[in-house]
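Numbering (the numbering used here), first residue to last: -11 to 378.
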Amino acid sequence: MRSSMSAAGAATAAAIVLTGLITAAGPAAAATAGPAAEKACTPAVVKLADIPAGPVGSGGTVKTFGANGLIAGQSRGLPAYWTADGTAHAVPVPEGFQYGEVKAVNAKGLMVGTLRRPGDYDHSFAFTYQQGAAAVRLVNSGSTPSTLTDVNDAGRVVGMDAGVPKEWLNGTVVRELPVPADAHPSTKITSVDGINKRGDIVGTALTSYWEDDVVTSKSFPVVWPAGGGYPPYSLRVWTESDYTVGTHATGIDDLGRVVGHEDRSYRDWQERKPAAWKKPYDALPADPGRVGGFEHLTLDAVSPTTNVSVGTAVTFVEGYANHIQAAYWPGKGSPLALPHPAGAGADSRSEAFAASDDDRVGGTFYDWDTMTTSAVVWTCASGQAYAPKA
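And the structure:
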């Protein structure tokens, strides 16, 4: 799963001591090494170590939390993971591939992700990798474009294979995910975005067709209930016929709550609007609002059981994202900001892509002054999140 179950908490406290602690700016307290840090959660912004070498000079991002202190994502342009002792490990990439990332890991250390060949940025190729194994396993031996996006603790893997949405178990396809029956005939599934503990799957569909010389275009989340015995749900969206607007799912929690965002993109006109749906999926999504001082917000991940969503607050200037900061929404009230490391420059940037049940958030931090990027973890995130002054 993209976000771990709460069993990982104790080991992670040890991990943050060994990876190095950085006092967070704003409301967070200074981190303290030693036995006390292992017994209680200490608010900190933790910069994770890079793997020794890779195609990109430095930097990375956290995309997922596993059990026993395992963290995974990308480092130096390669799929990577970090163990509880703070050591960075490169996932063994097959010959002919270079760039990639781990997108999710389950409690048993099974990872899923994507790879790319040098110079080919149009196609990704999916892999599974069991922590500690000598090699990854490529979907279809890497012969067709594919993307694996999530895995649950039962080992069910979801993603796209040659444009077809699928679910795998033990390396075997167990079902192809159908388009909802109430959708327009032009509808196709464009991505599979998550699976929860029960096995409910969320993805994104696109409807696009011409009628009376006018293009009608709508993208919307779809939920396929676990097991395939029930028809999929078409989730409602705010905008249904504007080709400049798309609504995307990004995650589903164990209660079936779905998060995502509506995006409007047309030349230098950019908007990002957070969205959250809940069962029985018969209403428009909720809009939690914005982080103070920012005009837009995406929700990019949801914790399995604590109702926490994380993402990125952003303000665009002439179509470019010039102000970017990791965001935290506890499920009620207004979304909040997560602090940058102490001493970071005013133009530094951060994004959040993962949330765990033990109050950790993972993402990336770009230090504008040093021009370096780091994979980061916010520990005790609820105690660090704050409302910026407008």
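Cβ coordinates follow ideal geometry from the N, Cα and C atoms, glycine included. Keep in mind it's a predicted model, so treat the numbers as computed, not measured.
| query | result |
| --- | --- |
| According to DSSP, is Ala369 helix, strand or coil? | helix |
| Could you check if Asn184 is buried or exposed, using at least 16 other CB atoms within 10 Å of its CB as the buried criterion? | buried |
| Among Asp73, Gly48 and Ala123, which residue has its Cα nearest to the Cα of Phe85? | Ala123 |
| In three-state terms, what does DSSP make of Gly248? | strand |
| Should Ala50 and Gly371 be called a contact, given that it needs their Cβ atoms to be closer than 8 Å? | Checking the sequence shown, residue 50 turns out to be Val, not Ala. Taking 8 Å as the Cβ cut-off, Val50 and Gly371 do not qualify as a contacting pair. |
| By Cβ distance below 6 Å, which residues in the same chain neighbour Ala121 in space, the five residues on each side in sequence not counted? | none |
| Considering only their Cβ atoms, is the gap separating Pro82 from Arg64 smaller than 8 Å? | no |
| Taking its Cβ as the centre, do 16 or more other Cβ atoms sit within 10 Å of Gln313, making it buried, or is it exposed? | buried |
| Straight-line CA distance for Val33 to Ala369? | 9 Å |
| To which residues of the same chain is Asp335 closer than 7 Å at the C-beta, ignoring the five residues directly before and after it? | Trp356 |
| Taking all protein chains shown into account, do 16 or more other C-beta atoms lie within 10 angstroms of the C-beta of Thr358, making it buried, or fewer, making it exposed? | exposed |
| Taking Val139 as the reference, which of Pro276, Val100 and His111 has the closest Cα? | Val100 |
| Could you tell me the alpha carbon to alpha carbon distance between Ala18 and Ala301, rounded to whole angstroms? | The predicted position of Ala18 is uncertain, since its pLDDT is 32 and thus under 50; a value taken from the coordinates is nonetheless stated next. So the two alpha carbons sit approximately 25 Å from each other. |
| Taking the continuous beta strand (DSSP E) assigned at Glu306, which residues delimit it? | Counting along the chain, Glu306 falls outside any beta strand (DSSP E), and DSSP gives it neither H nor E. |
| For Thr286, which of Gly277, Arg260 and Asn295 has the nearest alpha-carbon? | Arg260 |
| Between Tyr87 and Arg104, what straight-line distance do the alpha-carbon atoms span, to the nearest angstrom? | 5 Å |
| List the residues that DSSP assigns as beta-bridge partners of Glu228. | Looking at the DSSP assignment, Glu228 forms no beta bridge with any residue, so it has no partner. |
| Anyone know if the C-beta pair for Ala169 and Pro106 falls short of 8 Å? | no |
| Closest to Ala274 by C-alpha separation, out of Gly281, Lys267 and Ala263, would be which residue? | Ala263 |
| For Gln258, which residues from the same chain have a beta carbon less than 6 Å from its beta carbon, with the 5 sequence-adjacent residues on both sides left out? | Phe304 and Gly307 |
| May I have a chain-ordered list of the beta strand (DSSP E) segments no shorter than 3 residues that lie completely inside the segment 77 to 113? | 87 to 93 and 98 to 104 |
| Look at Phe53 and Ser344 and say whether their C-beta atoms are less than 8 Å apart. | yes |
| Using 10 angstroms around the beta-carbon of Arg144, count the other beta-carbons present and answer buried if the total reaches 16, otherwise exposed. | buried |
| Going by other Cβ atoms of all chains shown within 10 Å of its Cβ, with 16 needed for buried, is Ala68 buried or exposed? | buried |
| Would you kindly work out how many angstroms separate the C-alpha atoms of His236 and Ser229, rounded to a whole number? | 15 Å |
| Roughly how many angstroms lie between the CA atoms of Val152 and Glu164, to the nearest whole one? | 7 Å |
| Tell me the DSSP secondary structure of Asn128 in three-state form. | helix |
| Going by the beta-carbon positions, is the gap between Leu326 and Ala315 smaller than 8 Å? | yes |
| DSSP three-state label for Ala271, please. | coil |
| Would Arg348 be called buried (16 or more neighbouring beta carbons within 10 Å of its own) or exposed? | buried |
| In chain order, which continuous runs of the beta strand (DSSP E) of length 3 or greater are located wholly inside the segment 140 to 194? | 144 to 149, 152 to 157, 160 to 164 and 176 to 183 |
| What did DSSP end up calling Pro15 once you bin it into helix, strand or coil? | Low per-residue confidence applies at Pro15: pLDDT is 40, beneath 50, and the placement is therefore not dependable, though the value from the model is reported in the following sentence. DSSP places Pro15 in coil when its eight states are reduced to three. |
| Taking only the alpha-carbon atoms, compute the straight-line gap between Pro133 and Gln118 and give it to the nearest angstrom. | 21 Å |
| Going by beta carbon distance, what residues of the same chain come within less than 6 Å of Thr102, once the five residues before and after it are set aside? | Gly88, Ser112, Ala114 and Thr135 |
| Given a threshold of 16 other Cβ atoms within 10 Å of its Cβ, counted over all protein chains shown, does Thr137 qualify as buried or as exposed? | buried |
| Measure from the alpha carbon of Val162 to the alpha carbon of each residue in Pro31, Pro318, Pro173 and Gly187, then state which is nearest. | Gly187 |
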